[in-house]
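**Q** Structure in structure tokens, see below.
In full-length UniProt numbering, the protein residues as written are 1 to 310.
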């Protein structure tokens, strides 16, 4: 998330009521999670295991719970609870806006786009030309939808990320200030749920087609011309490259990359990144030919055991 205008390190520290290390006029341009940070961004870290990764990331301001050596060209915000203060920044720069109408007056809707009854369109949503939004679709604030997009009934674009910190008193939610971005010529089936990014974008690439009952987690990026069948569950921060086919009931863990041209067979459990152009099956998934050979060998076990008994 980039701020509407640049801020100084001192201004951000004042918002958070925290100390800082660095020039008080150090420029701060936005805030992001570690996998999408760019220069000028704030990133938060609250565990020593990840200090080094955060300090060496592209982020130039690190919101951290311990005063450490500050890398050259960067700045620190010292907080007793970076998770809480990252939420505070989300509330400050992208606060929740109550909607007063079913289709917000701040929404921009393109030419020849059809909006069926009982659709909710939130604040600052942008919808392109020649789209068809069927009844009972909900499109949350700040979503961006391209041209020639069809969204079927019951789908929700822009729900919060499923992201919590386990505290003694219960689970503390990391607030979501990102967006859902749908490119041109996308079809989205009924009862799909596409969560917005925590600070960045959850993106559906041009020409991709989604069946019904698909869950896509926060900050996931799906490439061009992908085909995703029913009941697929995709966790947060997954990258699916172009021209991938995903069959029914596939599940994917967070943070993996599904390489271009891959095929994921039904009910596959994708627990690690795949190779380009390969077909995967099983749970945990493995390359399909290797899996079929393994199954063929397993079928021979009864005969081998019988021979050993003889």
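Beta carbons are placed, not taken as given, at the ideal position from N, Cα and C, and that holds for glycine.
Remember, it's a predicted structure, so these values are computed and weren't measured experimentally.
Assuming residue 301 is part of the alpha helix (DSSP H), what are its boundary residues?
**A** What you label residue 301 is simply residue 301 of the chain shown in a count that begins at 1. Start and end: 301-309.
**Q** Can you tell me the Cβ-Cβ gap for residue 8 and residue 29, rounded? I've got them flagged as a contact below 8 Å.
**A** Locating residue 8 in the chain shown gives position 8, counting from the first residue. Locating residue 29 in the chain shown gives position 29, counting from the first residue. Contact doesn't hold; Cβ gap of about 11 Å is too wide.
**Q** Is the beta carbon of residue 182 sitting closer than 8 Å to the one on residue 137?
**A** Within the chain shown, numbered from 1, the residue matching residue 182 stands at position 182. Within the chain shown, numbered from 1, the residue matching residue 137 stands at position 137. No, Cβ-Cβ distance for residue 182 and residue 137 is not below 8 Å.
**Q** Compute the Euclidean distance between the alpha carbons of residue 272 and residue 256, then round it to the nearest angstrom.
**A** To locate residue 272, count along the chain shown from 1; it is residue 272. To locate residue 256, count along the chain shown from 1; it is residue 256. Distance between the alpha carbons of residue 272 and residue 256: 6 Å.
**Q** Among all the DSSP beta bridges, which residues are the ones paired with residue 287?
**A** Reading the chain shown from its first residue, position 287 is the one you call residue 287. DSSP output for residue 287 lists 280 as bridge partner(s).
**Q** Taking the alpha carbon of residue 80 as the point to measure from, which residue in 14, 63, 206, 69 has its own alpha carbon closest?
**A** Here residue 80 is taken as the residue at index 80 of the chain shown, counted from 1. When only C-alpha atoms are compared, the closest one is 63.
**Q** Whole angstroms are fine: how far does the CA of residue 102 sit from the CA of residue 120?
**A** The residue you call residue 120 lines up with position 120 of the chain shown. The residue you call residue 102 lines up with position 102 of the chain shown. The straight-line gap from Cα to Cα measures roughly 5 Å.
**Q** Count the other C-beta atoms from every protein chain shown that fall within 10 angstroms of the C-beta of residue 235, then say buried if there are 16 or more, exposed otherwise.
**A** In the chain shown, the residue the question calls residue 235 occupies position 235. Buried.
**Q** Using three-state DSSP, classify residue 90 as helix, strand or coil.
**A** The sequence position of residue 90 within the chain shown is 90, counting from 1. Three-state result, residue 90: helix.
**Q** Pick out whichever of 31, 307, 4 has its Cα sitting closest to the Cα of residue 199.
**A** Position 199 of the chain shown, counted from the first residue, corresponds to residue 199. Closest by alpha carbon: 31.
**Q** Determine the burial state of residue 82: buried for a count of at least 16 other Cβ atoms within 10 Å of its Cβ, exposed for fewer.
**A** In the chain shown, the residue the question calls residue 82 occupies position 82. Classification for residue 82: buried.
**Q** List the DSSP bridge partners of residue 172.
**A** Taking the chain shown and counting its residues from 1, one reaches residue 172 at position 172. Answer is 165, bridged to residue 172.
**Q** Verify whether the separation of the beta carbon atoms of residue 55 and residue 22 is less than 8 Å.
**A** Taking the chain shown and counting its residues from 1, one reaches residue 55 at position 55. Taking the chain shown and counting its residues from 1, one reaches residue 22 at position 22. No, these two residues do not count as a Cβ contact at 8 Å.
**Q** Indicate whether residue 283 and residue 268 have their beta-carbon atoms separated by less than 8 Å.
**A** The count along the chain shown starts at 1 and reaches residue 283 at position 283. The count along the chain shown starts at 1 and reaches residue 268 at position 268. It is a contact, given that the beta carbons lie within the stated cut-off.
**Q** Quick one: complete beta strand (DSSP E) runs, 3+ long, within the segment 118-168?
**A** Whole beta strand (DSSP E) segments, 3+ residues: 156-159, 164-167.
**Q** Using the DSSP secondary-structure output, state which residues sit across from residue 185 in a beta bridge.
**A** For the purposes of this step, residue 185 is taken as the residue at position 185 of the chain shown. Looking at the DSSP assignment, residue 185 forms no beta bridge with any residue, so it has no partner.
**Q** Please go through the same chain and pick out, in chain order, the residues whose beta-carbon is closer than 6 Å to the beta-carbon of residue 152, but skip the five residues on each side of it.
**A** As a first step, residue 152 must be located in the chain shown, where it is residue number 152. So the qualifying residues of the chain are 134, 189, 190.
**Q** Figure out for me which residue from 109, 99, 160 has the closest Cα to the Cα of residue 122.
**A** In the chain shown, the residue the question calls residue 122 occupies position 122. Cα-wise, what sits closest to residue 122 is 99.
**Q** Label residue 301 either buried or exposed according to how many other C-beta atoms from any shown protein chain fall within 10 Å of its C-beta, with 16 as the threshold for buried.
**A** Position 301 of the chain shown, counting from 1, holds the residue named residue 301. With fewer than 16 Cβ atoms within 10 Å of its Cβ, residue 301 is classed as exposed.
**Q** Compute the Euclidean distance between the alpha carbons of residue 72 and residue 172, then round it to the nearest angstrom.
**A** Numbered from its first residue, the chain shown carries residue 72 at position 72. Numbered from its first residue, the chain shown carries residue 172 at position 172. Distance between the alpha carbons of residue 72 and residue 172: 33 Å.
**Q** Going by the beta-carbon positions, is the gap between residue 91 and residue 18 smaller than 8 Å?
**A** Position 91 of the chain shown, counted from the first residue, corresponds to residue 91. Position 18 of the chain shown, counted from the first residue, corresponds to residue 18. Taking 8 Å as the Cβ cut-off, residue 91 and residue 18 do not qualify as a contacting pair.
**Q** The alpha helix (DSSP H) spanning residue 9 covers which residue range?
**A** The residue you call residue 9 lines up with position 9 of the chain shown. 9-16 is the extent of the alpha helix (DSSP H) around residue 9.
**Q** Under a three-way DSSP split, which group does residue 179 fall into?
**A** Numbered from its first residue, the chain shown carries residue 179 at position 179. Reduced to three states, the DSSP call for residue 179 is strand.
**Q** Following a CB-centred definition, is residue 233 positioned closer than 7 Å to any heavy atom of the ligand GDP?
**A** Ligands in the displayed structure: none, and consequently the ligand GDP is not present.
**Q** Taking 8 Å as the cut-off, decide whether the C-beta atoms of residue 78 and residue 163 are in contact.
**A** Here residue 78 is taken as the residue at index 78 of the chain shown, counted from 1. Here residue 163 is taken as the residue at index 163 of the chain shown, counted from 1. No.
**Q** Measure the beta-carbon distance from residue 277 to residue 266 and round it to whole angstroms, keeping in mind my assumption that it falls under 8 Å.
**A** Here residue 277 is taken as the residue at index 277 of the chain shown, counted from 1. Here residue 266 is taken as the residue at index 266 of the chain shown, counted from 1. Going by Cβ atoms, the distance from residue 277 to residue 266 rounds to 19 Å, so no, they are not a contact pair.
**Q** For residue 246 and residue 227, I'd like the C-alpha separation in whole angstroms.
**A** As a position in the chain shown, residue 246 is number 246, starting the count at 1. As a position in the chain shown, residue 227 is number 227, starting the count at 1. So the alpha carbons of these two residues sit roughly 6 Å apart.
**Q** Below 6 Å CB to CB, which residues in the same chain sit around residue 244 once its five sequence neighbours on both sides are set aside?
**A** Walking along the chain shown from the start, residue 244 turns up at place 244. Excluding sequence neighbours, residue 244 sits near 226, 258, 262.
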